[in-house]
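Below is one structure, written out as structure tokens; the observations come after it.
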Amino acid sequence: MDFQLYLDILGTIAFAISGVLTAMKKRMDAFGIFIIAFITAVGGGTLRDILIKAPIAWMHNLTYLYVIIGSTLFAAIFRAKLIYFRRSLFLFDTIGIGLYTVIGMQKAILLELPAPISIAVGTISACFGGVLRDILCNEIPVIFRKEIYATACIAGGIVYFALNYLGVLVNFNAVIAGSVVIVVRLLAVIFKLQLPSIYQVDEAGR
Amino acid sequence: MDFQLYLDILGTIAFAISGVLTAMKKRMDAFGIFIIAFITAVGGGTLRDILIKAPIAWMHNLTYLYVIIGSTLFAAIFRAKLIYFRRSLFLFDTIGIGLYTVIGMQKAILLELPAPISIAVGTISACFGGVLRDILCNEIPVIFRKEIYATACIAGGIVYFALNYLGVLVNFNAVIAGSVVIVVRLLAVIFKLQLPSIYQVDEAGR
Amino acid sequence: MDFQLYLDILGTIAFAISGVLTAMKKRMDAFGIFIIAFITAVGGGTLRDILIKAPIAWMHNLTYLYVIIGSTLFAAIFRAKLIYFRRSLFLFDTIGIGLYTVIGMQKAILLELPAPISIAVGTISACFGGVLRDILCNEIPVIFRKEIYATACIAGGIVYFALNYLGVLVNFNAVIAGSVVIVVRLLAVIFKLQLPSIYQVDEAGR
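Chains as they are written, first to last, in UniProt numbering: chain X, 1 to 206; chain S, 1 to 206; chain W, 1 to 206.
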């Protein structure tokens, strides 16, 4: 489906550029920046494909590699101007996680994995590139600390199966679920929503 | 075997709660805490299954997911009281590594892997959930620094093959090997035993 | 091929000892040091084999395990004297990445993966043991920051396919490509060459 590939490329661009920005802050060299961009962009899908034992997408389709090389060059050259693209990048990233969640979920469903596991697989596809990026940059992954990000993916996954249960057609399903991911993520950022953080009450008492 | 599943669930609970506690210390949000609990509980088994190319247990049996969700909620709600459960948690964890070592080892033996590799697979099953937990929380894994933990697993593995060589029946074998893991770990904690740490003698000289 | 196995063992020794040295600096215990040595030595090949869905080399050939145990013991015992072996270790490591790049690349080519992906697989084989070592020691991987290391592997990979395109025989190809990796790496260290690091121009402006 051409439209899906187009969205996939937008997501890859956004993920790659978020990798470039994180790696530049850590003062990595050119190769390090490219590798972080690469792993941020394909890491979630790679972990998904290892878990479900599917062929790994970027190893069989050079489009990903070329898009990531292009995005890295673009981001490195225009690094001083990227602030002007911030909203576009955020939008691409949000579209990316919506799409990756649905694609991952559908791959899991084809393998007849149970619904909650399929939601987990979709969420892993969308989120683990960013987790790997943060681990390689020696940070606690940002999605574990202060963003409604994976939560948006899980919300979309639940809507997908709820609609399915109600008998909605699969393709229509997928579009709505992806949109739910995108809308939840947008609302969370616009209204600065966060999940509660549960501190340990009496750390002294341990 | 029902008894084995029961022990497996105890281990999963202990591993999940150790993940919750580590994640809470890092001030993660609710989703982050759940993910760390999840990865701590299933990470070792997942890496084992990837290495031996077996189906990944938690993807085909929802029990793990539900037990981890339940443990996370329990730990989050009673976080101020968990200190009273410390001994039970330690005991569950110790039973968990004994069991996981033996299960992992037996899976490797079925694939006719050599004895030292089977011991490695068992040890990975038991220990790498905790390693992943510490990496995601941006710590050097605790088992590399100051605990007789993996060493207990390796000791149990060696006993397993020694008994096997002496002609002891496989199931009896397994029970004894698991018990060795548990006893070595208990003794190490009770008597505060540690492996020697080998410092570099002349760091200045490098 | 006996000669290849011999080079492979030299590379394994060098990688294992680099793991031992990093782990000792972090004051790990004996088990932690061994595990870091093990993962540094086999990590790149393991990730390669997971990605290309091949059997994992160290699980089916005990030579790796024994070489790593021997290297760890040697390094731990002679830790104060390792400074005298520094050049040999550097040379082993350099031979190791040359060899691992070519072996990884050839495995990918046999699976008919595209040329740039095969180069990536070769580079991953050579470099990711060191990346995993640094992650487990809670450092930003050194190859992302300040060394021409992966770049040498990529250069060798490009030469391999260029010669292939020009009709050079495959085995002759492999020797030249491996030599290119080694020479680029040696020159980079001798002349202290580095890739440019691209700092963000206006970090304040973000």
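Idealized CB from N, CA, C, for every residue including glycine.
TODO: Using DSSP bridges, identify the partner residues of D49 (chain S).
DONE: According to DSSP, D49 (chain S) bridges with nothing at all.
Open item on the list: Short of 6 Å in beta carbon distance, which residues of its chain neighbour L132 (chain W), apart from the five on each side in sequence? Order them along the chain.
Closed with: I39 and G43
Task: Listed by chain order, chain W residues near F144 (chain S) by CB distance under 9 Å - done: A23, K26, M28, D29, F31, G32, I33, I35, I36, L136 and C137
Task: Proximity test, Cβ basis, 9 Å: T46 (chain X) and chain W - done: yes
Task: Cross-strand partners of D134 (chain W) (DSSP beta bridge) - done: Beta-bridge pairing links D134 (chain W) to no other residue.
Task: Contiguous alpha helix (DSSP H) assignments of at least 4 residues, all confined to the segment 6 to 60 of chain X - done: 30 to 51 and 57 to 60
Open item on the list: Checking 9 Å against the spacing of the C-beta atoms, do I148 (chain W) and A75 (chain W) come in under that value?
Closed with: no
Open item on the list: Check whether chain W comes within 9 Å of I39 (chain S), counting only Cβ atoms and requiring the distance to be less than that.
Closed with: no
Task: Rounded separation between G157 (chain S) and K107 (chain X) - CA only - done: 38 Å
TODO: Kindly indicate if chain W contains any beta-carbon less than 9 Å away from that of P55 (chain X).
DONE: yes
Open item on the list: Just checking: is the beta-carbon of A174 (chain X) within a distance shorter than 9 Å of some beta-carbon in chain S?
Closed with: no
Open item on the list: Against chain X, does T151 (chain W) count as a neighbour if the rule is that its beta carbon must be under 9 Å from one of theirs?
Closed with: yes
- [ ] Establish whether the CB of A155 (chain X) and some CB of chain S are separated by less than 9 Å.
- [x] no
Open item on the list: Using CA atoms only, rank isn't needed, just tell me which of W:I176, W:L186 and W:Q194 is closest to D93 (chain W).
Closed with: W:L186
TODO: Whole angstroms is fine: what's the gap from A57 (chain S)'s alpha carbon to M105 (chain S)'s?
DONE: 15 Å
Task: contact_flag[the segment 110 to 127 of chain W, the segment 52 to 67 of chain X] where n(CB pairs < 8 Å) is 3 or more - done: yes
- [ ] Mind checking the segment 89 to 104 of chain W against chain S and listing, in chain order, the residues whose C-beta falls within less than 7 Å of any C-beta there?
- [x] none
Task: Burial state of F144 (chain W), where buried means 16 or more other Cβ atoms lie within 10 Å - done: buried
- [ ] Determine, using beta carbons only, whether I50 (chain W) comes closer than 9 Å to chain S.
- [x] yes
Open item on the list: Among the candidates X:I124, X:L91, X:L99 and X:M24, whose CA atom is the shortest distance from the CA of R79 (chain X)?
Closed with: X:M24
Open item on the list: Does chain W have any CB closer than 9 Å to the CB of L62 (chain X)?
Closed with: yes
Task: Neighbourhood of I103 (chain W) by C-beta distance below 7 Å, restricted to the same chain and skipping five residues each side - done: S125
Open item on the list: Using beta carbons (cut-off 9 Å, strictly below), is I182 (chain W) in contact with chain X?
Closed with: no
Task: Within chain X, the residues that L113 (chain W) reaches when beta carbons sit closer than 8 Å - done: M59 and H60
Task: Start-end ranges of the alpha helix (DSSP H) lying completely within the segment 149 to 189 of chain S, minimum 4 residues - done: 150 to 165
Task: Whole alpha helix (DSSP H) elements within the segment 91 to 145 of chain X, 4-residue minimum - done: 115 to 136
Task: Which of helix, strand or coil DSSP assigns to K192 (chain W) - done: coil
Task: CB contact check: V159 (chain X) to chain S, cutoff 9 Å - done: no
Open item on the list: Buried or exposed for G167 (chain X), going by 16 or more other Cβ atoms inside 10 Å?
Closed with: exposed
TODO: Go ahead and label Y165 (chain W) buried or exposed: buried means 16 or more other beta carbons lie within 10 angstroms of its beta carbon, across all protein chains shown.
DONE: exposed
TODO: Find the residues of chain S that neighbour L65 (chain W), judging by a C-beta separation of less than 8 Å, and give them in chain order.
DONE: P116, I117 and A120
Task: Where residue 211 (chain W) falls: helix, strand or coil (DSSP) - done: Past the edges of chain W, shown from 1 to 206, lies residue 211 (chain W), and the structure says nothing about it.
Open item on the list: Do G19 (chain S) and G96 (chain S) have their beta-carbon atoms positioned less than 9 Å apart in this structure?
Closed with: no
Task: C-alpha gap between V184 (chain W) and L193 (chain W), whole angstroms - done: 10 Å
Task: Same chain, Cβ closer than 8 Å to T123 (chain W), five either side skipped, listed in chain order - done: T101, G104, A150, C153, I154 and G157
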